[in-house]
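Under our numbering, think of the first position of the sequence shown as 63, with each following residue one higher. For reference, the structure is listed below as structure tokens.
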Amino acid sequence: MNNKVKKILITGSSGMIGTCIFEKLLEKNYDVIGFDRNRNAWNSSLNRLTIMGDLLKKEDVEKIPTPIDMVVHLAANPRVYDLVVNPDLALENIITTYNVLEFARKNDAKRVIFSSSREAYGNKKEVISKEADVDIQRCESPYAASKISDEALIYSYAKCYGVDYIVCRFSNVYGMYDQSQRFIPLMLRKMKKNEDIEIFGKDKILDFTYIDDCVEGIIKCIEKFDKIKNNTFNIAFGKGSKLIDVAKLIKKNLQSKSRILLGKNRQGEVVKFVADISKAKKMLGYKPAYSLKEGIKLSIDWYAKSDGR
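What follows is the structure in structure tokens.
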């Protein structure tokens, strides 16, 4: 436990990562406040600790009780292709991050952990990406642009106002509490019903991170914040998997009759990414524990128990 951090605000606290972090921090006896537009569908006991509000509205942000020692900012419009279709959602991401940083600046909540994305790297010749490999000219989508803009705001608030940060770039987090249209939960739901599934990009390679590894990475950032502040880390598994191989693995585990159909890469999406996690290993002691095979099995077990809500 970080003895200097007692009270933590989690934005996006009803989402997949937010719910898991909320539960873990309460287990560790932190004083936690959630903030979300939606009630928690997975753990109703968290709702009494959650402020219902919209980060786009400053009057809602002002409802947050102070003092706050740390903000874990997870709230965002997260689906890449949705923001290609409707780029207004990208602007919302930037505004919400600005409002969170203003809250931190004005209320002396000068520790911020931010959830960024592998999308910040864009499509590059080298498949493996280190934290320094971001080039804004490789930006593939409004979603990626929003995350790069968010990071730029965070870096500037550290320099101008002393709001310290840790940026975590996540990659394809999957597992319990995920009811989204992202790749793995979508495959699980469709293959469970023996429905045909379509993969956009036969050679697409991504780095899939099981939720428990993601949460462990964030917890290490919280506990070591004051020693490693003002750094950016890849929080991922560190190995790539072809989407078609992931689909085949899910199909095998479910003994599904679904057909796997191949389509073209969709506009705005990164097609090859593997995270270099050596910095996180060295500075955080981060060590992902769940292989894709193990994570898929755990995800299938969870969906079976929860009925894939």
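Idealized CB from N, CA, C, for every residue including glycine. Since the model is a prediction, treat every value here as computed from it, not as a measurement.
| Asked | Found |
| --- | --- |
| Whole-angstrom Cβ separation of ARG180 and VAL332, contact assumed at under 8 Å? | 7 Å |
| Assuming MET78 contacts ASP212 under a Cβ cut-off of 8 Å, what Cβ separation, rounded to an integer in Å, is found between them? | Contact flag wrong, Cβ pair sits at about 19 Å. |
| Please give me, in chain order, every unbroken run of the alpha helix (DSSP H) with length at least 4 that falls completely inside the stretch 194-264. | 204-223, 245-254 |
| With distances taken from CA atoms, which of ASN185, GLY224, ASP197 is nearest ARG173? | GLY224 |
| Along the chain, where does the alpha helix (DSSP H) containing ASN155 start, and where does it finish? | 150-168 |
| According to the neighbour-count rule (16 or more other Cβ atoms, all chains shown, within 10 Å of its Cβ), is VAL384 buried or exposed? | Nothing can be reported for residue 384: it is not among the residues displayed for the chain, which extend from 63 to 371. |
| Please state whether the Cβ-Cβ distance between ALA130 and ILE113 is less than 9 Å. | The displayed chain sequence assigns Ile, not Ala, to residue 130. No, the Cβ-Cβ distance between ILE130 and ILE113 is not below 9 Å. |
| Output the distance between the C-alpha atoms of ILE267 and LYS334, rounded to the nearest integer angstrom. | 5 Å |
| Check whether the Cβ atoms of ALA166 and VAL133 lie closer than 9 Å to each other. | yes |
| How is the beta strand (DSSP E) around ASN296 delimited, first residue to last? | 293-297 |
| Going by the beta-carbon positions, is the gap between CYS82 and MET238 smaller than 9 Å? | yes |
| Buried or exposed: where does MET253 fall if 16 or more other Cβ atoms within 10 Å of its Cβ makes it buried? | buried |
| Which partner residues of LYS90 appear in the DSSP bridge assignment? | The partner list for LYS90 (beta bridge, DSSP) is empty, contrary to what the question assumes. |
| Within 10 Å of its beta-carbon, does THR128 have 16 or more other beta-carbons around it, so buried, or fewer, so exposed? | exposed |
| In terms of alpha-carbon separation, which member of GLY74, THR271, PHE262 lies closest to ARG231? | THR271 |
| Sorted by chain position, which residues of the same chain lie with C-beta nearer than 7 Å to ALA342's C-beta, five sequence neighbours on each side aside? | GLY279, PHE295, ASN296, ILE297, TYR348 |
| Within 10 Å of its beta-carbon, does ILE312 have 16 or more other beta-carbons around it, so buried, or fewer, so exposed? | buried |
| What's the gap between the Cα of PRO149 and the Cα of ALA138? | 13 Å |
| Across which residues does DSSP place ARG99 in a beta bridge pair? | Answer is none; ARG99 lacks a bridge partner. |
| Thinking C-beta only, is SER208 closer than 9 Å to ILE156? | yes |
| Since SER203 contacts VAL146 with CB under 8 Å, what's their CB separation in whole angstroms? | 6 Å |
| Taking the C-alpha atoms as reference points, what is the distance between ILE190 and VAL277? | 22 Å |
| Tell me which residue opens and which closes the alpha helix (DSSP H) that LEU136 is part of. | Note, LEU136: premise wrong, no alpha helix (DSSP H); not H, not E. |
| Got a sec? Which residues, its chain only, sit under 6 Å from ASN100 by beta carbon, not counting five neighbours each side? | SER76 |
| Could you give the DSSP three-state label for ARG180: helix, strand or coil? | helix |
| Taking just the CA atoms, how far does ASP197 sit from MET345? | 24 Å |
| Looking at the secondary structure, which residues open and close the alpha helix (DSSP H) in which LYS367 lies? | 354-368 |
| Where do the ends of the alpha helix (DSSP H) carrying MET345 lie? | 340-346 |
| Tell me, to the nearest whole angstrom, how far the beta carbon of VAL162 is from that of HIS135; I am working on the premise that it is less than 8 Å. | 5 Å |
| Helix, strand or coil: which one does DSSP assign to LEU71? | strand |
| With DSSP as the reference, label LEU311 as helix, strand or coil. | helix |
| Going by the DSSP bridge assignment, what does LEU268 pair with across the sheet? | SER303 |
| Going by DSSP, what residue range makes up the beta strand (DSSP E) through LEU324? | 322-325 |
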